[in-house]
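To keep things clear, I will list the structure first and then write my remarks on it.
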Amino acid sequence: MKFTFLQKSISSAIALLICAMPVFALDLDTSVDDEIRRTYDPSKLEQSLPSLPKTAPSQNTSPKNMPAPQTPPKSLPVTPDAKPQIGVKKFQNDFKYDKSTAIRIKKGTKFRVKSNSVISDYLAEGARVSFTTVKPVTQRYITLPIGTRFTAVVTNSHKPQMSGNGGLVVLMVDSITVNGQTRSVHGKITKANMKKIFFNNMKGKRSYWKGVAKQIDKGENFYKKTRRTSSKLADNPVGIIISPIPVVTGMIVYAVNLAGSPLFAIWYKGGRISIPAGSEFEIKLLEDVYLY
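Sequential numbering from 2 applies to the sequence shown in my numbering.
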């Protein structure tokens, strides 16, 4: 240990002596600094600088006038663009001729017609169907013969949905053809297959409560099945011990179906709406129609 310390001390002393030798001294060249001092006098540089101006020069640049954004006055109401009705066709308007000399078919007139194609909830919005009258209709100065043609457009439709909602078809009658002349009309369907319909909606049967009853019947049938199983087990001396288990299970399942039937019935879909071609309908005019 002492030898190591002595060895380190001797090594450090030798290193210091070597660094102090003139051979290892740095020789700095200061001739360049002396030349700069003789050429440039730092005290004279400050006197040769120009004086600063007392006031800043005025800026003559005028601000640019930015155009204000053109916005409509707040007092003017903004009306959205009118949305055209789906598939509705417009024919000759009644104001292009004199109503006093035209033949009028009164608002509220009803026509018994038959469908020329199947009408069902498969029809998409915008699809068109046609009807043909099966009885003549007499108005003042005119009798609309058998075979007068009406056309209608599907304005809304959907297939059966959850919660027992049935299919839907909504038709709007928009034209009539009499003796080769086609005119715009506004009418609706009041009877479909000789059954009254309301709000112009032809709907499939709603089956929500039917789904509730079906769910209760499932629980009841399962309970009856477990009772029969328990009766068979009770006839056996060995099975009489476990015979109450099926009955208890059936009672639990029956109670769950009875209490949860309103919730389970949501998954039931309603009935479809499909009326075959040749079925009778009733069309009612909602506005006057003028012929000439």
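Quick reminder that beta carbons are idealized off the backbone N, C-alpha and C, glycines included.
Going by beta-carbon coordinates alone, are residue i and residue j separated by less than 7 Å?
{"i": "Asp289", "j": "Lys108", "result": "yes"}
{"i": "Thr134", "j": "Val119", "result": "no"}
{"i": "Phe132", "j": "Ser116", "result": "yes"}
{"i": "Pro244", "j": "Ser121", "result": "Contrary to the premise, residue 244 reads as Ser rather than Pro in this sequence. In this structure, Ser121 does not lie closer than 7 Å to Ser244 by Cβ."}
{"i": "Ala153", "j": "Val171", "result": "no"}
{"i": "Val174", "j": "Gly188", "result": "yes"}
{"i": "Gly181", "j": "Tyr269", "result": "no"}
{"i": "Val248", "j": "Arg228", "result": "yes"}
{"i": "Ile217", "j": "Leu259", "result": "yes"}
Name, in chain order, the residues that DSSP records as bridge partners for residue i.
{"i": "Glu283", "result": "Arg113, Lys192"}
{"i": "Thr144", "result": "Thr139"}
{"i": "Tyr291", "result": "Arg105"}
{"i": "Asn166", "result": "Paired residue(s): none; Asn166 is not in a bridge."}
{"i": "Ala153", "result": "Val130, Val174"}
{"i": "Gln182", "result": "Val179"}
{"i": "Ser121", "result": "Ser275"}
{"i": "Ser158", "result": "Val170"}
Quick one, which of the options has its alpha-carbon nearest residue i's?
{"i": "Tyr255", "options": "Ile246, Glu221, Phe265, Asn237", "result": "Glu221"}
{"i": "Ile242", "options": "Ala214, Lys196, Ser231, Met252", "result": "Ser231"}
{"i": "Thr250", "options": "Phe151, Phe200, Lys226, Leu292", "result": "Lys226"}
{"i": "Asn194", "options": "Lys204, Asp236, Ile11", "result": "Lys204"}
{"i": "Arg141", "options": "Glu126, Ala103, Arg150", "result": "Ala103"}
{"i": "Ser280", "options": "Ile190, Ala128, Ile11", "result": "Ile190"}
{"i": "Gly272", "options": "Leu124, Gly148, Asn166", "result": "Asn166"}
{"i": "Leu169", "options": "Pro146, Arg229, Tyr123", "result": "Tyr123"}
{"i": "Ser262", "options": "Pro137, Tyr209, Glu36", "result": "Tyr209"}
{"i": "Ser185", "options": "Lys215, Leu286, Leu234", "result": "Leu286"}
{"i": "Val155", "options": "Ile15, Thr139, Ala128, Val239", "result": "Ala128"}
{"i": "Tyr224", "options": "Leu145, Lys136, Val257, Asn201", "result": "Val257"}
{"i": "Asn201", "options": "Phe282, Ala214, Ile15", "result": "Phe282"}
{"i": "Ala125", "options": "Val138, Lys160, Ala278, Lys196", "result": "Lys160"}
Just to check my reading of the structure: residue i and residue j have Cβ atoms closer than 8 Å, yes? What is that Cβ distance to the nearest angstrom?
{"i": "Thr198", "j": "Lys192", "result": "The question names Thr, but residue 198 in the sequence shown is Ile. That belief holds up - the Cβ atoms of Ile198 and Lys192 are roughly 7 Å apart, short of 8 Å."}
{"i": "Ser164", "j": "Ile246", "result": "The Cβ separation is near 36 Å, so there is no contact."}
{"i": "Ile177", "j": "Thr149", "result": "7 Å"}
{"i": "Gly292", "j": "Ile143", "result": "It should be noted that the sequence gives Leu, not Gly, for residue 292. Right, the Cβ-Cβ distance comes to about 7 Å (below 8 Å), so this counts as a contact."}
{"i": "Phe151", "j": "Ile284", "result": "6 Å"}
Are the C-beta atoms of residue i and some chain C residue less than 7 Å apart?
{"i": "Gly205", "result": "Of the chains in the structure shown, none is chain C; there is only one protein chain."}
Can you list the alpha helix (DSSP H) stretches of 4 or more residues lying completely in the stretch 194-260, in chain order?
-> 209-235
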